[in-house]
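Participant:
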Amino acid sequence: MINMKKKSISVVILAGGGSTRMGRNKALLQLGNKTMIEEIIDKVRPLFDEIIVVTNNPEEYPMLRDILFVKDTIKTAQKNSLVGIYTGLLTSQNPYTFIIPCDMPFINSELITYMIHQLEEEDILIPFVEGHYQPLHAIYGKKCLAPIKKLLDKEQYKIINFFPEVSVKTICDEEVTRFSKDMICFLNINTYENYLTIKENWSGI
Numbered sequence: 001m002i003n004m005k006k007k008s009i010s011v012v013i014l015a016g017g018g019s020t021r022m023g024r025n026k027a028l029l030q031l032g033n034k035t036m037i038e039e040i041i042d043k044v045r046p047l048f049d050e051i052i053v054v055t056n057n058p059e060e061y062p063m064l065r066d067i068l069f070v071k072d073t074i075k076t077a078q079k080n081s082l083v084g085i086y087t088g089l090l091t092s093q094n095p096y097t098f099i100i101p102c103d104m105p106f107i108n109s110e111l112i113t114y115m116i117h118q119l120e121e122e123d124i125l126i127p128f129v130e131g132h133y134q135p136l137h138a139i140y141g142k143k144c145l146a147p148i149k150k151l152l153d154k155e156q157y158k159i160i161n162f163f164p165e166v167s168v169k170t171i172c173d174e175e176v177t178r179f180s181k182d183m184i185c186f187l188n189i190n191t192y193e194n195y196l197t198i199k200e201n202w203s204g205i
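Next up, the structure:
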């Protein structure tokens with residue numbers, strides 16, 4: 001197994017979505033005394049030596065320090081996460097990159113650490129739980145760039161469509177629930193109603 005030291009893997013936070021259902025920038029919503037993106041960065045900062053935020057509006061984040069901001073390298077008619085993944089992989093200085101969205105505040109540092117330790121020579125390490133991949137909580141290698149670009153050139157944006165062209169290793173339900181029994185680590189905040197409910201009960205999990 002490759003010894004995946006802190007310095008050999010980056011983290012990319014996707015903050016370039018349209019937030020159409022939310023009606024505002026989800027990354028800047030307050031949870032306790034932090035914005036949602038600050039909460040996420042505080043959890044991942046000890047694990048990675050390079051933190052990249054993919055956003056077309058970096059001026060909205062003056063409170064973030066020691067962060068590399070990059071804009072989407074490809075313009076598409078519709079907002080999609082595949083462009084963000086491609087941009088993050090293209091930008092990162094390390095051979096592997098952990099991808100996370102800006103609206104997943106319950107991420108679990110111990111689970112992410114476990115995933116890093118499970119990484120061998122595959123191109124993707126990804127949770128496959130309850131019959132579904134979690135492509136926005138996964139580790140991608142540089143070999144994913146070419147097949148992702150092929151999809152983007154065809155204006156196909158479903159992330160898992162390029163998986164058959166690379167090697168994929170999965171983390172199963174049992175492994176995930178060791179760290180997050182209810183799998184809340186994968187919970188996205190998609191609507192303002194979701195946000196208000198979580199904000200009311202927020203305890204900084």
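Position one of the sequence shown corresponds to residue 1 (full-length UniProt numbering), numbered consecutively onward. Glycine included, C-beta positions come from ideal geometry on N, C-alpha and C.
1. Taking only the alpha-carbon atoms, compute the straight-line gap between Met1 and Ile116 and give it to the nearest angstrom.
2. Sort Gly141, Leu136 and Thr87 by Cα distance to Glu165 and report the nearest one.
3. How many whole angstroms separate the CB atoms of Met63 and Asn188, which I take to be in contact at a CB cut-off of 8 Å?
4. Would Ser180 count as contacting chain D if we go by Cβ distances under 9 Å?
5. Out of Ala15, Ser109 and Pro58, which has the shortest C-alpha to C-alpha gap to Pro46?
6. Mapping the DSSP letters down to three states, classify Gln30 as helix, strand or coil.
7. Shortest alpha-carbon distance to His132 belongs to which of Gln93, Lys149 and Val176?
8. Put Ala138 into one of helix, strand or coil per three-state DSSP.
9. For Leu119, name the three-state secondary structure that DSSP assigns.
Facilitator: Answer, in terms of the structure:
1. For Met1, the pLDDT reaches just 44, beneath the cut-off of 50, and the residue's location in the model is therefore unreliable, although a value from the coordinates is still provided. Going from the Cα of Met1 to the Cα of Ile116 covers about 11 Å.
2. Gly141
3. Actually they are not in contact, since the Cβ atoms of Met63 and Asn188 sit about 22 Å apart, beyond 8 Å.
4. You won't find chain D in this structure, because it holds only one protein chain.
5. Ser109
6. strand
7. Val176
8. strand
9. coil
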